[in-house]
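Please read the structure below before turning to the comments.
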Amino acid sequence: MMVHGHKGFKFQNWAKTYGCHPEMYFQPTCVEEVKQVLDLARQQNKRVKAIGGGHSPSDIACTDGFMIHMGKMNRILKVDKEKRQVTVEAGILLRDLNVELSKHGLALANLGAVSDVTAAGVIGTGTHNTGIKHGILPTQVVALSLLTAAGTVIECSETSNADLFKASLVHLGCLGIVLTVTFQCVPQFHLQETSFPSTLKEVLDNLDSHLKKSEYFRFLWFPHSDNVSVIYQDHTNKPPASAANWFWDYAVGFYLLEFLLWVSENTAEAMLDLKTMLEKNPKVVAHFPVEVRFVKGDDILLSPCFQKDSCYMNIIMYRPYGKDVPRLDYWLAYERIMKKVGGRPHWAKAHTCTRKDFEEMYPSFQKFCAIREKLDPTGMFLNAYLEKVFY
Ligand SMILES: Cc1cc2nc3c(=O)[nH]c(=O)nc-3n(C[C@H](O)[C@H](O)[C@H](O)COP(=O)(O)OP(=O)(O)OC[C@H]3O[C@@H](n4cnc5c(N)ncnc54)[C@H](O)[C@@H]3O)c2cc1C
Numbered sequence: 005m006m007v008h009g010h011k012g013f014k015f016q017n018w019a020k021t022y023g024c025h026p027e028m029y030f031q032p033t034c035v036e037e038v039k040q041v042l043d044l045a046r047q048q049n050k051r052v053k054a055i056g057g058g059h060s061p062s063d064i065a066c067t068d069g070f071m072i073h074m075g076k077m078n079r080i081l082k083v084d085k086e087k088r089q090v091t092v093e094a095g096i097l098l099r100d101l102n103v104e105l106s107k108h109g110l111a112l113a114n115l116g117a118v119s120d121v122t123a124a125g126v127i128g129t130g131t132h133n134t135g136i137k138h139g140i141l142p143t144q145v146v147a148l149s150l151l152t153a154a155g156t157v158i159e160c161s162e163t164s165n166a167d168l169f170k171a172s173l174v175h176l177g178c179l180g181i182v183l184t185v186t187f188q189c190v191p192q193f194h195l196q197e198t199s200f201p202s203t204l205k206e207v208l209d210n211l212d213s214h215l216k217k218s219e220y221f222r223f224l225w226f227p228h229s230d231n232v233s234v235i236y237q238d239h240t241n242k243p244p245a246s247a248a249n250w251f252w253d254y255a256v257g258f259y260l261l262e263f264l265l266w267v268s269e270n271t272a273e274a275m276l277d278l279k280t281m282l283e284k285n286p287k288v289v290a291h292f293p294v295e296v297r298f299v300k301g302d303d304i305l306l307s308p309c310f311q312k313d314s315c316y317m318n319i320i321m322y323r324p325y326g327k328d329v330p331r332l333d334y335w336l337a338y339e340r341i342m343k344k345v346g347g348r349p350h351w352a353k354a355h356t357c358t359r360k361d362f363e364e365m366y367p368s369f370q371k372f373c374a375i376r377e378k379l380d381p382t383g384m385f386l387n388a389y390l391e392k393v394f395y
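Taking my numbering, I'd label the letters of the sequence shown as residues 5 to 395.
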């Protein structure tokens with residue numbers, strides 16, 4: 005059976021801020037069908053982009069070539085109860101994976117804010133949450149398989165193709181089509197959330213103490229004020245009162261932009277610079293709290309937390325009823341501050357960085373580029389976003 009592609013498909017990301025019209029749209033159901041799409045792309049000299057949940061708030065998943073939606077490759081392939089590991093097809097939504105894991109008394113140790121995202125998608129952009137003892141989500145991956153531009157399947161892990169493994173854990177969709185992912189899980193657990201008001205000064209003065217007090221500590225700063233909401237989440241034996249996370253379901257239509265910092269001293273510098281910038285520029289209006297989260301460093305080549313315990317500062321603007329609001333001054337001032345304090349952008353989010361910036365930000369950038377160029381010499385998996393990163 006040949007896989008069928010469709011013309012006329014319009015792709016839009018979750019926030020409806022970026023979209024594209026791929027020449028052909030495919031929904032393969034097995035590896036053989038994905039191979040057929042790549043064969044066709046090679047014959048016709050087309051570019052290819054795989055998409056997962058389409059949640060990235062940038063054009064990282066856009067293409068005018070062939071688009072492969074991985075949603076029909078969403079099966080659980082293996083649950084190893086002894087090792088607490090699960091192998092899944094790359095298009096599975098974490099929402100579905102979480103349900104399956106709970107049937108086996110297992111869970112992922114850390115998740116992002118939403119679960120309508122896929123196994124390959126979250127490792128594509130280095131999705132994170134909070135907890136200074138926890139790395140970005142890709143640090144929970146112990147193996148994966150990749151279909152390369154040449155049509156070869158490569159299995160990689162710490163012990164097999166280790167260099168490629170370290171590159172593909174934050175792959176930006178440019179190394180090949182991720183087919184399967186194996187996650188290291190933990191025994192299922194429940195969290196109890198406690199939140200209380202504070203001030204920016206108190207939180208910045210006592211950052212280490214907050215980080216020690218709660219495993220999943222984060223805080224929200226309300227711009228144009230000193231107010232902060234501190235949020236602690238910690239393991240509990242109490243049964244869950246509510247599992248609902250309705251917030252993002254209703255919050256359709258945001259712009260998200262995210263940069264991050266290196267170490268805790270810089271958290272204070274960046275937050276205070278941002279506060280001063282807003283005070284000095286009353287016309288710049290920020291109408292959404294700045295969310296600050298903390299993540300353990302790792303050794304993944306393009307991880308924003310490469311070799312640094314880091315702090316993510318998430319600035320967000322509402323787009324009421326899908327209408328654009330003035331945000332450029334806020335965005336650019338924020339980027340300037342984050343660059344000054346040695347920040348690196350979140351790969352999923354819009355940013356103005358180019359190859360020169362990434363060469364300075366990432367000690368292993370050249371190594372990643374060499375791996376990418378070897379695996380994809382003709383640039384089959386590139387798009388406009390990635391051209392800015394690599395050229
Ligand atoms: C409401 C909301 C809340 C969010 N919260 C967080 C958060 O808490 N923390 C955080 O870090 N991020 C957050 N994000 C961003 C989100 O986690 C990332 O954008 C993530 O990459 C989305 O996964 P996805 O499956 O939708 O991937 P997509 O956006 O579809 O794709 C992401 C990248 O992966 C590539 N890709 C996807 N599947 C494959 C495959 N099988 N093979 C090869 N490449 C592939 C795509 O080409 C693209 O480059 C949030 C986004 C939204 C909209």
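Glycine included, C-beta positions come from ideal geometry on N, C-alpha and C.
8 Å CB neighbourhood of residue i in its chain, flanking five on each side removed
i	result
residue 121	56, 57, 59, 97, 98 and 131
residue 6	40
residue 145	127, 173, 185, 186, 187 and 188
residue 34	77
residue 165	158 and 159
residue 129	60, 64, 174, 176, 350, 351 and 352
residue 381	153
residue 45	51, 52, 69, 70 and 384
residue 378	none
residue 243	194
Cβ shell of residue i (< 6 Å), same chain only, five flanking positions each side left out
i	result
residue 270	345
residue 389	63 and 64
residue 78	93, 95 and 96
residue 116	131 and 133
residue 392	358
residue 214	221
residue 125	56 and 57
Contact check, residue i vs residue j, beta carbons under 8 Å
i	j	result
residue 192	residue 106	yes
residue 288	residue 328	no
residue 1	residue 189	Outside the displayed range of the chain (5 to 395) lies residue 1, so it cannot be described from this structure.
residue 127	residue 174	yes
residue 53	residue 28	no
residue 239	residue 219	yes
residue 293	residue 226	yes
residue 3	residue 322	Any answer about residue 3 is impossible in this case: the structure gives the chain only from 5 up to 395.
residue 138	residue 102	no
residue 283	residue 224	no
residue 180	residue 141	no
residue 20	residue 326	yes
residue 305	residue 123	no
residue 310	residue 368	yes
residue 245	residue 342	no
residue 148	residue 182	yes
Simplified DSSP assignment, three categories, for residue i
i	result
residue 256	Because residue 256 carries a pLDDT of 48, less than 50, the predicted location of this residue cannot be relied on, and the following value inherits that uncertainty. Three-state DSSP puts residue 256 in coil, outside helix and strand.
residue 213	helix
residue 335	helix
residue 129	helix
residue 285	coil
residue 222	strand
residue 207	helix
residue 297	strand
residue 364	helix
residue 266	Per-residue confidence for residue 266 stands at a pLDDT of 49, beneath the threshold of 50, marking its modelled position as unreliable; no derived number is given.
residue 72	strand
residue 152	coil
residue 77	coil
residue 319	strand
residue 159	strand
residue 88	coil
residue 234	strand
residue 103	helix
residue 326	helix
residue 46	helix
Proximal residues to residue i (C-beta, below 7 Å), its chain only, five neighbours per side dropped
i	result
residue 14	23 and 25
residue 168	158, 160 and 375
Expected contact under 8 Å - CB spacing of residue i and residue j to nearest Å
i	j	result
residue 178	residue 386	6 Å
residue 348	residue 308	4 Å
residue 42	residue 155	6 Å
* **contact_flag[the segment 76-96, the segment 370-382] where n(CB pairs < 8 Å) is 3 or more** => no
* Asked: Does the segment 333-352 come within contact of the segment 312-319, defined as at least 3 CB pairs closer than 8 Å?
  -> Touching, yes, given that three or more Cβ pairs across the two stretches are closer than 8 Å.
* **the segment 200-210 contacting the segment 225-240, beta-carbon criterion three pairs below 8 Å** => yes
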